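Trainee:
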Amino acid sequence: MAYTIVEENCTGCCACEPECPNQAISEASNGLFVIDPAKCTECIGHYDEPQCVAVCPIDLTCIIDENYPRYEAA
Amino acid sequence: MQTVQNHTGAESAGVNAAANVDEIMQKVAEHKGCGTSGGSGKASCGSGAGENDLPPEIWEKVKNHPCYSEEAHHHYARMHVAVAPACNIQCNYCNRKYDCANESRPGVVSEKLTPEQAAKKVLAVASTIPQMTVLGIAGPGDPLANPEKTFKTFELIAKTAPDIKLCVSTNGLALPDHVDRLSQYNIDHVTITINMIDPEVGAKIYPWIYYNKKRYTGVDAAKILTERQLQGLEMLTERGILSKINSVMIPGINDQHLVEVNKAVKSRGAFLHNIMPLISAPEHGTVFGLTGQRGPTAQELKALQDSCEGEMNMMRHCRQCRADAVGLLGEDRSAEFTTDKIMEMEVNYDLDARKAYQAAVESERQAVVAAKQEELQTLAGAHSDIKMLIAVATKGGGKVNEHFGHASEFQIYELSTSGAKFVGHRRVDLYCQGGYGEEDALGTVIRAINDCHAVFVAKIGGCPKNDLKTAGIDPVDQYAGQFIEQSAIAYFKEYIDKVAAGEIEHVAKGDAEIRQGALIAA
Ligand code: SF4
Ligand code: SF4
Ligand code: SF4
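Protein chains in written order, with my numbering: chain C, 1 to 74; chain A, 75 to 596.
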């Protein structure tokens with residue numbers, strides 16, 4: 001399962017962008033941030049917890065996207 | 075505190091720095107002494123420090139800085155740019171989701187800029203406002219949580235506008251990692267927000283921090299934060315970078331504790347301590363706003379500032395400006411410099427013209443000091459225990475030059491036989507909006523300056539005049555256009571003479587309300 005950003009909550013603060021080990025997070029045209037599910041590895045193999053979740057100042061903004069299968073570390 | 079230096083070259087820098095720290099500490103200690111020379115006619119040490127109160131090297135650094143020298147803030151302007159909104163800690167008095175054009179508090183900003191846009195904005199503003207001498211990066215968020223954008227901005231400005239002083243405000247968590255870079259860019263002032271040195275207190279203010287790729291909560295989080303803050307402060311002092319400490323006064327949580335904080339930061343070489351009232355209106359949606367945590371009253375704030383004053387310089391004129399504020403303190407011109415407008419502006423950065431203008435400002439400023447000195451002579455030998463506050467309506471330049479109805483804030487001075495000392499400012503709603511007075515607004519003005527015996531204005535209508543008198547505040551318009559301190563001293567002299575002659579009786583005034591936020595860009 002990749003992580004995704006709840007658009008209504010995101011403040012566009014960009015704290016998450018530099019923390020992502022996979023450059024999966026980028027700024028959208030509306031100034032808010034989005035996660036590319038194809039690149040997100042849930043931080044498995046890099047960190048104990050997803051870095052976007054850890055750094056985002058707004059609770060329940062970076063959440064699991066149920067539409068994607070669980071990532072398996074290679 | 076034991077700190078581990080893991081930067082290459084830190085060792086040798088440390089050796090050079092050692093002498094430096096001692097020297098600086100010595101200067102800070104000597105400087106502290108000036109406030110106790112009571113009766114010498116020196117109104118205050120503190121942030122009201124003038125040329126003669128400070129060691130020359132420090133004076134050179136602060137004299138054109140509106141935030142560091144209370145007196146300079148009448149004459150010089152600063153601006154903030156918001157380039158780095160990311161943050162690595164959460165404070166219970168902050169809500170990053172909140173953003174409103176009528177809001178005014180640190181951390182709130184309407185437009186975030188790229189470093190290139192920020193540099194263009196600085197040039198545009200500096201070309202329009204020649205007394206603009208300082209650029210700060212203050213948030214929203216923590217500038218050092220997004221160091222690339224912050225340092226890129228500094229780099230661009232240092233190249234194109236070399237005369238502008240740079241400063242940065244930080245929560246301090248990432249500070250130790252960036253001190254060397256800060257000194258590289260010749261940043262001579264850093265503001266660190268320190269609200270506690272006791273992690274138990276900290277746990278009530280900070281729900282979490284993000285450090286070393288992990289989120290920490292509670293006492294653990296506060297412990298890391300305070301260690302990093304104090305380490306960062308020590309490192310700045312070692313490198314001769316001036317540090318100002320901001321603290322938010324939260325009644326019942328850290329109000330008593332801030333006296334300890336004051337001692338801790340002073341002993342590590344902090345240059346100025348700025349204790350600010352908590353802003354916590356419920357509509358801001360902050361944790362403190364929602365839990366009903368109140369802010370301090372004017373008297374509580376002043377009492378705490380006074381009790382720390384013997385320890386070090388206290389700053390009293392902080393406006394808790396927006397993160398994109400532009401102009402003189404108290405006069406926000408950010409609306410003139412939105413991104414659209416700046417991108418269209420023809421920028422003509424004329425260093426010589428700026429210098430010439432600033433030289434003129436400097437001579438005007440000397441005139442203010444001279445006028446005050448002269449007037450102080452009249453108080454020589456006067457004996458009275460009376461201390462009173464007055465409110466002043468001013469547009470800047472150190473003069474009584476604002477109409478009562480046009481004042482969106484009042485400057486507060488404490489008068490005594492040692493002179494007129496600036497002790498703070500009070501925000502108010504405009505009494506006169508579109509030319510006619512509003513009853514309610516007058517009530518809020520009176521509540522905001524209820525601890526003052528008089529209000530000095532350039533002009534005032536008959537109606538508010540009477541209401542002020544009824545509230546026990548003397549409306550004074552006879553000093554219109556004159557220097558504030560000179561006028562205040564003249565007024566005080568007359569007042570104590572009348573009291574001595576039995577013509578009037580001196581009665582103590584009550585407390586006042588601190589107005590929350592909302593210094594609306596005019
Ligand atoms: S979970 Fe990790 S990899 Fe996925 S977007 Fe967040 S930071 Fe990037
Ligand atoms: S950290 Fe959270 S609020 Fe900030 S940009 Fe990322 S998702 Fe949005
Ligand atoms: S917030 Fe305080 S320190 Fe910052 S610019 Fe405003 S007055 Fe100066």
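Glycine is no exception: its CB is placed at the ideal position from the N, C-alpha and C atoms.
Treat the numbers as computed from the prediction; the structure is a model and nothing was measured.
Check whether the stretch 344-351 of chain A and the stretch 320-328 of chain A touch, using three or more Cβ-Cβ pairs below 8 Å as the test.
Mentor: Judged by Cβ distances under 8 Å, the stretch 344-351 of chain A makes contact with the stretch 320-328 of chain A, as three or more pairs qualify.
Trainee: Evaluate contact between the stretch 305-316 of chain A and the stretch 326-333 of chain A, counting only Cβ atoms and requiring at least three cross-stretch pairs below 8 Å.
Mentor: no
Trainee: Just to check my reading of the structure: Ile558/A and Gly472/A have Cβ atoms closer than 8 Å, yes? What is that Cβ distance to the nearest angstrom?
Mentor: 6 Å
Trainee: Is it the case that the CB of Lys562/A approaches a heavy atom of ligand 1 more closely than 7 Å?
Mentor: Position check: residue 562/A holds Ala in this sequence, whereas Lys was assumed. The answer is no for Ala562/A.
Trainee: Is any beta-carbon of chain A found at less than 8 Å from that of Val34/C?
Mentor: no
Trainee: Just how far apart, CA to CA, sit Glu134/A and Leu310/A?
Mentor: 18 Å
Trainee: Just to confirm the assignment, what range does the alpha helix (DSSP H) spanning Lys288/A have?
Mentor: Looking at the DSSP string, Lys288/A is not in any alpha helix (DSSP H); the run it does join, the beta strand (DSSP E), is Lys288 to Thr291.
Trainee: If you compare alpha carbons, which of His499/A, Lys543/A, Asp571/A and Arg313/A is closest to Ala481/A?
Mentor: His499/A
Trainee: Does ligand 1 have even one heavy atom less than 7 Å from the beta-carbon of Asn286/A?
Mentor: no
Trainee: Which of the three DSSP states is assigned to Gly546/A in this structure?
Mentor: coil
Trainee: Can you tell me where the beta strand (DSSP E) holding Phe345/A begins and where it ends?
Mentor: Per DSSP, Phe345/A belongs to no beta strand (DSSP E) and is neither H nor E.
Trainee: Give the interface partners of Cys13/C over in chain A, defined as CB-CB distance under 7 Å, in chain order.
Mentor: Pro159, Ala160, Cys161, Arg170 and Gly215
Trainee: Does ligand 2 have even one heavy atom less than 7 Å from the beta-carbon of Ile58/C?
Mentor: yes
Trainee: In chain order, what residues of the same chain lie with their CB nearer than 7 Å to the CB of Ala295/A, ignoring the 5 residues before and after it?
Mentor: Tyr280, Trp282 and Ile283
Trainee: Compute every distance between the C-beta of Ala586/A and the non-hydrogen atoms of ligand 2, then say whether any falls below 7 Å.
Mentor: No, ligand 2 has no heavy atom inside 7 Å of this Cβ.
Trainee: Select from Cys43/C, Gly12/C, Asp59/C and Ile63/C the residue whose C-alpha is nearest the C-alpha of Glu19/C.
Mentor: Cys43/C
Trainee: What does Gln485/A pair with, by DSSP beta-bridge criteria?
Mentor: Val466/A and His499/A
Trainee: Taking Cβ-Cβ distances shorter than 7 Å, what residues in chain C pair up with Tyr284/A?
Mentor: Ala54 and Val55
Trainee: Roughly how many whole angstroms lie between the Cα atoms of Glu420/A and Ala198/A?
Mentor: 8 Å
Trainee: Strictly below 8 Å CB to CB, what residues from chain A border Gln51/C?
Mentor: Lys287
Trainee: Whole angstroms is fine: what's the gap from Val182/A's alpha carbon to Pro159/A's?
Mentor: Bear in mind that the predicted position of Val182/A carries a pLDDT of just 45, short of 50, making it too unreliable to give a figure here.
Trainee: How close, in whole Å, do the beta carbons of Ala467/A and Val550/A come, if the pair is a contact with beta carbons under 8 Å?
Mentor: Between Ala467/A and Val550/A, the beta carbon gap of about 10 Å keeps them out of contact (Cβ cut-off 8 Å).
Trainee: Quick one: what does DSSP say Arg439/A is sitting in, helix, strand or coil?
Mentor: In this structure, Arg439/A counts as helix in the three-state DSSP scheme.
Trainee: Checking contacts by CB at 8 Å: is Tyr68/C closer than that to chain A?
Mentor: no
Trainee: Using only the alpha-carbon positions, how far apart do Val497/A and Pro356/A sit?
Mentor: 28 Å
Trainee: Going by the beta-carbon positions, is the gap between Cys168/A and Thr360/A smaller than 8 Å?
Mentor: yes
Trainee: Starting from Ala151/A, follow its DSSP beta bridges and name the residues at the other end.
Mentor: Met206/A
Trainee: In terms of residue numbering, what span does the alpha helix (DSSP H) encompassing Ile570/A cover?
Mentor: Counting along the chain, the alpha helix (DSSP H) containing Ile570/A begins and ends at Ile558 to Ala574.
Trainee: For Val264/A versus Ala235/A, is the C-beta distance shorter than 8 Å?
Mentor: Between Val264/A and Ala235/A, the gap from beta carbon to beta carbon reaches 8 Å or more.
Trainee: Would you kindly check if the distance between the Cβ of Ile460/A and the Cβ of Ala528/A is under 8 Å?
Mentor: no
Trainee: Using 8 Å as the threshold, is the stretch 15-30 of chain C in touch with the stretch 50-70 of chain C, meaning 3 or more CB pairs across them?
Mentor: They touch, by the three-pair rule.
Trainee: Give every residue of the same chain whose Cβ lies closer than 7 Å to the Cβ of Ala24/C, excluding the five residues on either side of it in the sequence, and list them in chain order.
Mentor: Ile35, Asp36, Lys39 and Cys40
Trainee: What did DSSP end up calling Lys340/A once you bin it into helix, strand or coil?
Mentor: It is helical.
Trainee: At a cut-off of 7 Å, would you count Ala427/A as near ligand 1, judging by its Cβ distance to the nearest heavy atom?
Mentor: no
Trainee: Residue range of the alpha helix (DSSP H) that Met417/A falls in?
Mentor: Thr413 to Glu418
Trainee: With a threshold of 8 Å between beta-carbons, can Tyr47/C be considered close to chain E, or not?
Mentor: Any reference to chain E falls outside this structure, whose protein chains are C and A.
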